[in-house]
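Residue numbers (my numbering): 4 to 116.
See below for the structure under consideration.
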């Protein structure tokens, strides 16, 4: 696993310098450099901040470092998604269809106000 190389690739894809990434995760550019070159790994707090900066979950960051394409990594639902899923599963088929119709309207930018 090459977490440092993955972090560097994600940073470069976004066009960020080490300084920019350091600012986003409240760390120094020197620390980002050490992480990217594998001189040391990110601590738990920095790892969490890095994942957040890249709009990933920590496990997705590790999956990428293991060479797994993101589309094969199932996203774990957050608490709100889990609650919504539980409610949806408890509904009758008729109510599910109604919720899907309403949800589709909300998902369209500028449509549902």
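Beta carbons are placed, not taken as given, at the ideal position from N, Cα and C, and that holds for glycine.
As the structure is a computational prediction, the values presented were derived from the model and not from experiment.
The beta carbon of residue 68 sits closer than 7 Å to those of 4, 5, 6, 9, all from its chain and outside the five residues before and after it, given in chain order. Here residue 34 carries a helix assignment [DSSP, helix/strand/coil]. With fewer than 16 other Cβ atoms inside 10 Å of its own Cβ, residue 92 counts as exposed. In the three-state reduction of the DSSP assignment, residue 109 falls in the helix class, which pools H, G and I. Between residue 57 and residue 17, the C-beta spacing is below 9 Å. Annotation: the continuous alpha helix (DSSP H) that includes residue 26 extends over 21-27. Rounded to whole angstroms, the separation of the alpha carbons of residue 32 and residue 20 is 8 Å. If you draw a straight line from the Cα of residue 38 to the Cα of residue 47, it is about 13 Å long. For residue 91, the enclosing alpha helix (DSSP H) starts and ends at 82-93.
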